[in-house]
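Each number in this note's numbering comes from the position in the sequence shown (counting from 1) with 575 added on. Note that CB positions come from ideal geometry on N, CA and C, so glycine has one too.
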Amino acid sequence: MKIIQIGTGGWGKNHTRILSELGVLSAICDADEEKSKEYGEKYSVNHYTSLDKLLESEEFDAAFVVTPTSTHSQIAKKLLEAKKHVFVEKPLTYQSQDGEELAKLAEKNKVILTCGYIERFNPAVGVVKKLVKEKNYGELVMLEFHRENRMPLHIKDVGIIYDTSVHDIDTANWLFDEMPSVVFAKAGKIKHEHEDFTSIMLGYKNDKVAIITSNWITPKKVRKFNAVCTDAIISSDFITQEITVENNDELKKLDNEKQEPLLLEIKSFLNAIDGKGEHIVTAQQAVNVTKIAEAALLSSQKGIPIYLELK
Ligand SMILES: NC(=O)c1ccc[n+]([C@@H]2O[C@H](COP(=O)([O-])OP(=O)(O)OC[C@H]3O[C@@H](n4cnc5c(N)ncnc54)[C@H](O)[C@@H]3O)[C@@H](O)[C@H]2O)c1
Numbered sequence: 576m577k578i579i580q581i582g583t584g585g586w587g588k589n590h591t592r593i594l595s596e597l598g599v600l601s602a603i604c605d606a607d608e609e610k611s612k613e614y615g616e617k618y619s620v621n622h623y624t625s626l627d628k629l630l631e632s633e634e635f636d637a638a639f640v641v642t643p644t645s646t647h648s649q650i651a652k653k654l655l656e657a658k659k660h661v662f663v664e665k666p667l668t669y670q671s672q673d674g675e676e677l678a679k680l681a682e683k684n685k686v687i688l689t690c691g692y693i694e695r696f697n698p699a700v701g702v703v704k705k706l707v708k709e710k711n712y713g714e715l716v717m718l719e720f721h722r723e724n725r726m727p728l729h730i731k732d733v734g735i736i737y738d739t740s741v742h743d744i745d746t747a748n749w750l751f752d753e754m755p756s757v758v759f760a761k762a763g764k765i766k767h768e769h770e771d772f773t774s775i776m777l778g779y780k781n782d783k784v785a786i787i788t789s790n791w792i793t794p795k796k797v798r799k800f801n802a803v804c805t806d807a808i809i810s811s812d813f814i815t816q817e818i819t820v821e822n823n824d825e826l827k828k829l830d831n832e833k834q835e836p837l838l839l840e841i842k843s844f845l846n847a848i849d850g851k852g853e854h855i856v857t858a859q860q861a862v863n864v865t866k867i868a869e870a871a872l873l874s875s876q877k878g879i880p881i882y883l884e885l886k
């Protein structure tokens, strides 16, 4: 199997390392010549600064797109047109309409298109998903997400909703196992060009909700969530991957083996293109997350709830 990667920046260098360790990395491309050379030499693979040149010279099965959000659509389109399986980092595209077109193109060309909603591969989320599905602590009523960190100013193309809240939007859809029908949000900005703090409420069937609080202001890294169920509250930390279950009588810590979510995510995609199972993040689900992010921004601008009918 031969895999190429576009974008070897702050986050992409992790994919490069893992793909090389798995023995499948065959070429990389980064518009920044220095980075392209650095990682090409480090992992002994051909390196390019232009995707067109790479496409002319390399034979490969699949590609990872780890470039800024505003570039995803154009890069993924070229790769899908070349009939390659494509993994695009989150969010799939800046505009949901572009995502819809990519999903159609992937279907037409019979290739897999997926998106980097990495928390699905976080072992802690996997345990909570199972507990919720099996109703071990009754019905899931509410989800609460907190994602806070003082963020560097280098992300210029999108605000916190597209960059950060999308992780929790996808996890909420995954844990409720359905799409929300209404979105209400407030968002503002203090330090960045785009919105840098937000609270989003997603409404699901039977008045169940997910509340997503994200900010790029507070100088403390927090990535936690609670699954409030009828018989207990399940709490987890995306970073430590610890899980606790609490009711009036006891607080129980569950055993859970910590693993690198990115490694699990990449392996799942490689297995899917090898025909050994399905990659669990579908293109349509990723398009839906972008639609919800768009609705959250609109809701915040207009001060009204936005109703959605998602596939
Ligand atoms: N899943 C996660 O937890 C997670 C975490 C961080 C970032 N991300 C996502 O990863 C993507 C990249 O983020 P980052 O923080 O690494 O950004 P970055 O700015 O650090 O790196 C992006 C790299 O892409 C290169 N690049 C830009 N345009 C290009 C083009 N047209 N062709 C080739 N190379 C190009 C840049 O030179 C740079 O090296 C974004 O979509 C972001 O949302 C995901």
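(request) Can you give me the Cβ contacts of D806 inside the same chain, cut-off strictly under 7 Å, excluding the 5 residues immediately before and after it? (result) These residues qualify, in order along the chain: Y712, G713, N822.
(message) Could you check whether the Cβ of H647 sits closer than 8 Å to any heavy atom belonging to ligand 1?
(response) Correct: H647 has its Cβ closer than 8 Å to ligand 1.
(message) Per DSSP, what are the beta-bridge partners of Q580 in this structure?
(response) DSSP lists I603, F639 as partners of Q580.
(request) Would you give the residue range spanned by the beta strand (DSSP E) that D812 belongs to? (result) Going by DSSP, D812 is part of the beta strand (DSSP E) stretching over 808 to 812.
(request) Out of C804, I730, K685, state which residue places its alpha-carbon closest to the alpha-carbon of G584. (result) For G584, the closest C-alpha among the options C804, I730, K685 is that of I730.
(request) Identify every residue that forms a DSSP beta bridge with G713. (result) Per DSSP, N711.
(message) Under 8 Å: does the beta carbon of L919 sit that close to some heavy atom of ligand 1?
(response) The structure shown does not extend to residue 919, since the chain is modelled only from 576 to 886, so the question has no answer here.
(message) According to DSSP, is N801 part of a helix, a strand, or is it coil?
(response) If DSSP states are grouped into helix, strand and coil, N801 belongs with the strands.
(message) Does the distance between the C-beta of K799 and the nearest non-hydrogen atom of ligand 1 fall short of 8 Å?
(response) No, ligand 1 has no heavy atom inside 8 Å of this Cβ.
(message) Taking 8 Å as the cut-off, is the C-beta of I792 nearer than that to any heavy atom in ligand 1?
(response) Annotation for I792 indicates a beta carbon at 8 Å or more from all heavy atoms of ligand 1.
(message) According to DSSP, Y882 sits in a beta bridge with which residue or residues?
(response) Answer by DSSP bridge pairing, in chain order: V757.
(request) Could you tell me whether the segment 827 to 838 touches the segment 577 to 596, where touching means 3 or more Cβ pairs closer than 8 Å? (result) Because the criterion of three Cβ pairs below 8 Å is met, the segment 827 to 838 and the segment 577 to 596 touch.
(request) Look up L677 in the DSSP assignment and say whether it is helix, strand or coil. (result) The answer is helix: DSSP assigns L677 an H, G or I state.
(request) Mind the definition here: the segment 754 to 774 touches the segment 691 to 701 only if three or more C-beta pairs lie below 8 Å; say whether that holds. (result) Verdict: no, contact absent.
(request) Determine the contact status of L845 and A651, defining contact as a CB-CB distance below 9 Å. (result) No.
(message) Can you look up G763 in the DSSP assignment and give me helix, strand or coil?
(response) DSSP places G763 in strand when its eight states are reduced to three.
(request) Could you spell out the range, first to last residue, of the alpha helix (DSSP H) harbouring Y887? (result) What the structure shows of the chain is the stretch from 576 to 886, and residue 887 is not part of that stretch, so it cannot be assessed.
(request) Alpha carbon to alpha carbon, how far is T646 from S609? Give it in angstroms, no decimals. (result) Position check: residue 609 holds Glu in this sequence, whereas Ser was assumed. Taking the straight line joining both Cα atoms gives about 20 Å.
(request) Verify the CB distance criterion: does Y712 have a CB-CB separation below 9 Å to chain B? (result) The question asks about chain B, but that chain is absent: this structure has only one protein chain.
(request) Determine, using beta-carbon pairs with one atom in the segment 660 to 674 and one in the segment 624 to 642, whether at least three such pairs fall under 8 Å. (result) Between the segment 660 to 674 and the segment 624 to 642, the count of C-beta pairs closer than 8 Å reaches three or more; the two stretches touch.
(request) Go ahead and label N781 buried or exposed: buried means 16 or more other beta carbons lie within 10 angstroms of its beta carbon, across all protein chains shown. (result) It is exposed - the Cβ of N781 has fewer than 16 other Cβ atoms within 10 Å.
(request) Mind reading off the beta-carbon distance from T819 to L826? Whole number of angstroms is fine, and I expect it under 8 Å. (result) Yes, they are in contact, since the Cβ atoms of T819 and L826 sit about 6 Å apart, within 8 Å.
(request) For the alpha helix (DSSP H) holding I786, just list the boundary residues, first then last. (result) For I786, there is no enclosing alpha helix (DSSP H); the residue is found in the beta strand (DSSP E) stretching over 784 to 790.
(request) Determine the burial state of L706: buried for a count of at least 16 other Cβ atoms within 10 Å of its Cβ, exposed for fewer. (result) Around the beta-carbon of L706, 16 or more other beta-carbon atoms lie within 10 Å, marking it buried.
(message) Between the alpha carbons of Y669 and D745, how many angstroms are there, rounded?
(response) The straight-line gap separating the alpha-carbon atoms of Y669 and D745 is approximately 15 Å.
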